[in-house]
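All remarks here apply to the structure that follows.
There are 2 protein chains.
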Amino acid sequence: GTAPAIVHAQANLRWRLTSSFPKALDTLFGVNDIFAAKVKELTGGKFVITTHAPGELVPAFGVVDAIQAGTVEMANTAPYYFFGKDETFALGCAIPFGLNSRQMTAWAYEGNGLKLMRDFYRQYNIINFPMGNTGAQMGGWFRKPIASLADFKGLKFRVGGFAGKVVERIGGVPQNIPGGEIYQALEKGTIDAAEWVGPYDDQKLGFYKVAQNYAYPGWWEGGPQLDLYVNTKAYDGLSAEYKAVIECAAAYAHTDMQAKYDGKNAAALKTLVAGGAKLFPFPKDLMDAAFKESMALYSDISAKNPNWKKVYEDYSKFRAEQNLWFRFTEATFDDFMQRQKL
Amino acid sequence: GTAPAIVHAQANLRWRLTSSFPKALDTLFGVNDIFAAKVKELTGGKFVITTHAPGELVPAFGVVDAIQAGTVEMANTAPYYFFGKDETFALGCAIPFGLNSRQMTAWAYEGNGLKLMRDFYRQYNIINFPMGNTGAQMGGWFRKPIASLADFKGLKFRVGGFAGKVVERIGGVPQNIPGGEIYQALEKGTIDAAEWVGPYDDQKLGFYKVAQNYAYPGWWEGGPQLDLYVNTKAYDGLSAEYKAVIECAAAYAHTDMQAKYDGKNAAALKTLVAGGAKLFPFPKDLMDAAFKESMALYSDISAKNPNWKKVYEDYSKFRAEQNLWFRFTEATFDDFMQRQKL
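Respectively, the protein sequence lines represent chains A and B.
FYI, in the UniProt record's numbering the residues of the first sequence are 19 to 360.
FYI, in the UniProt record's numbering the residues of the second sequence are 19 to 360.
Shown next, in the form of structure tokens:
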């Protein structure tokens, strides 16, 4: 092939980054401004990236097409939104009963995760960089508490894309409703329950005012990772220096987002409980059924989708080893601390 | 004051980084090579940092003095080694029953941790950057299993600096022995037990051959953070661009080290157990006594050391909020996953 024209190390460069999240979310959208600021600092103001909310350049769910076509150089998104193109997208973000936040980062940086996902993304002209994680999400807001799996049957539950497949298999009725319309649907009773993210983001949308039963854990999102997508042709044209700038600025933003969620969720949870939110764990029979159906779903997909099969084999082996290790010193340390009066 | 002479953005620069860890530890020493490689890439080879093991420039525990005097520009260390200068050093690294790995990063990035530690470090001419975490460490290797606090009385236990204060308060006899001499002391029975890090590093030193009882959790190191120290005068002389280079390369190395430990510990644990290691949890009465004595110790230090008091007040408030939040969705998600056959 022909070598791309390399942008010189110190060239002035102006790129655009489109996000799948609205600017009001200072966590999910804010990560892009953190990233762009670091890129600017690292290059003495020469590499400028403007950040854009959905609709400014492309719609929220048009970011993969835009990067693939090269109409925008960069995007930040939750890859599982695109499971309709190929279920493998979800493995780079979150699947029900998947890796937690630290394990996702370990799979990317130390395991084969980044390598395998980059192999997969090549067909979409995408090179990806881990850039953000919310940590384990909450299980959503329910108009009535859920005491057993039976209470979940027929329940109209607003839930993000891929998880809906499992919700359906355990008898729920997944609903696809944009963030801005959830509150009203919950208030009117058009839906019975809705999940969004966790205390900090959920508080902004005010769900606790209309559905006070707040479930945990969000078993379909144990550590969803956001990715920075870069169009491969644009990326290949960068100097080695600018490539490193993208990698390290993304690493900074990746760490910063998880830190923000950890800090802000802790404070927001107190406010929500003071405002009337009632925390409850999902019942054991529901968790067990959801786990069983998730594993069955992954077998079904493996039988049909070779991309998924290749990545999931590595992912599930890594998950087994991680959970074996984490159950000893990490879990017992955390468990002891959580039982203390601090 | 006089403004320092600023190094121009693209100047060639050659700095030295001294570590408190030997090169054989590809995790603890290796983080410095990862950092230096990223700095080099980010600057197109203009900013070169050479990395040095203890003894090459200064001894392992001479790094703070070297940075303070400005004889070396950079160091990487576990700050708790320097609690003898001021107990506050330990708060930037690990204290018994302190923050876990994610919480340490959240305290630094999102809480007041980095700001407070930088205020403290100013008197030592140090500016610090989080650069590495081992995750929760194991509780060490015991010649005989420990069934209750009574078994711990009079026990000669090789344990890192600050934790020895609590070990002593619960009846143990802390021993200060360099890493290279632990194996022989354990084999001969000069000591009864020794802690080092976790499966991956411990495997290299072969302790399982002479003391097979492997305790968890390492309650004195729930998430020890390593720091990059930079001499403030050298740092102040850098361009804004090179300052950002240090920050972002350190952030990359910070994330990379935890990922390495998570990945490598999981694999090493299996090997150790296959080699005869017998895992056991510290008994509840020992954990409870150690927790109680730790809190008493922190009160004692707060009464005498205003530096500690200022930082610990913020640290302990953050710890209480984090543990309140983590016990819900993070802990129940992890706990469920750890109980599954994966």
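Using N, Cα and C, we set each Cβ at its ideal position, and we do this for glycine too.
Three CB pairs or more closer than 8 Å across the region 101-109 of chain B and the region 253-261 of chain B: no
Where the beta strand (DSSP E) through B:M275 begins and ends: Where B:M275 is concerned, there is no enclosing beta strand (DSSP E), although the alpha helix (DSSP H) it sits in stretches over A258 to A292.
Neighbourhood of A:P114 by C-beta distance below 7 Å, restricted to the same chain and skipping five residues each side: A181, V184, W237, W238, A308 and S312
Cα-Cα separation, B:L204 to B:N231: 12 Å
A:R337 at chain B interface by Cβ criterion, 7 Å: yes
Spatial distance of A:Q276 from B:W326 (CA atoms): Whole-angstrom Cα-Cα distance: 27 Å.
Simplified DSSP assignment, three categories, for B:Q356: Three-state result, B:Q356: helix.
Which listed residue (A:Q86, A:N94 and A:Q28) has its alpha carbon closest to that of A:F47: A:N94
Short CB-CB distance (under 7 Å) between A:G19 and chain B: Note that A:G19 scores a pLDDT of 43, beneath 50, so its modelled location is shaky and nothing firm can be said.
Close-in-space but distant-in-sequence residues of the same chain around A:A267 (CB under 7 Å, 5 per side omitted): F53, K56, V57 and L60
Distance CB(A:Q221)-CB(A:A286) smaller than 7 Å: Cβ distance < 7 Å, so A:Q221 and A:A286 count as in contact.
B:V329 to A:I319 span [Cα, whole Å]: Rounded to whole angstroms, the separation of the alpha carbons of A:I319 and B:V329 is 51 Å.
Cutoff 7 Å: A:K174 Cβ touching any chain B Cβ: no
7 Å Cβ cutoff, B:M355 in contact with chain A: yes
Beta-carbon proximity list for B:G88, same chain, < 8 Å, skipping 5 on both sides: N143, N249, K251 and A252
Short-range partners of chain E found in the region 146-179 of chain A, where Cβ spacing is below 9 Å: Absent here is chain E; the protein component of the structure consists of chains A and B.
Sequence-distant residues of the same chain with beta carbon closer than 6 Å to B:T68, five excluded per side: Cβ neighbours of B:T68 beyond the five flanking positions: R34.
Identity of the residue in A:T208, A:G178, A:A295 and A:A229 nearest A:W214 by Cα: A:G178
Burial state of A:S37 (16 or more Cβ within 10 Å): buried
Touching by the beta-carbon criterion (3+ pairs, under 8 Å), the region 70-81 of chain A and the region 148-156 of chain A: no
Contacts of A:A96 in chain B (Cβ-Cβ under 8 Å): None at all; the shortest Cβ gap to chain B is about 17 Å.
Three-state class that DSSP yields for A:R161 in the structure shown: coil
Proximity winner among A:L43, A:D245 and A:E74, relative to A:F136 (alpha-carbon distances): Inspection of the sequence shows that residue 136 of chain A is occupied by Arg rather than by Phe. Comparing Cα-Cα distances from A:R136 to each of A:L43, A:D245 and A:E74, the minimum goes to A:D245.
Limits of the beta strand (DSSP E) - the one that B:I144 falls within: I144 to N151 is the extent of the beta strand (DSSP E) around B:I144.
Collapsed DSSP secondary structure at B:F336 in the structure displayed: helix
Selection from A:F298, A:T289, A:N50 and A:D83 that minimises the alpha carbon distance to A:E264: One point to set straight first is that residue 264 of chain A is Ile, not Glu, in the sequence displayed. Per the Cα distances, A:N50.
First and last residue of the uninterrupted alpha helix (DSSP H) at A:P299: Careful: A:P299 lies outside any alpha helix (DSSP H), inside the beta strand (DSSP E) at K296 to P299.
Euclidean distance between Cα positions of B:W343 and A:L117: Their backbone Cα atoms lie some 19 Å apart in a straight line.
Within chain A, partners of B:Y234 - CB distance below 7 Å: F346, T347 and T350
For A:A349 and A:K296, the rounded distance between their alpha carbons: 25 Å
Residue range of the beta strand (DSSP E) that includes B:N194: That residue, B:N194, is in no beta strand (DSSP E); it is neither H nor E in DSSP.
Range covered by the alpha helix (DSSP H) that runs through B:K222: Counting along the chain, the unbroken alpha helix (DSSP H) around B:K222 starts and ends at P217 to L223.
Sequence-distant residues of the same chain with beta carbon closer than 7 Å to A:Q28, five excluded per side: K64
Interface flag, A:W33 vs chain B, CB-CB below 7 Å: no
Which listed residue (B:T123, B:A96, B:V81 and B:P77) has its alpha carbon closest to that of B:Y270: B:T123
Pairwise C-alpha distance: B:A211 and B:F298: 14 Å
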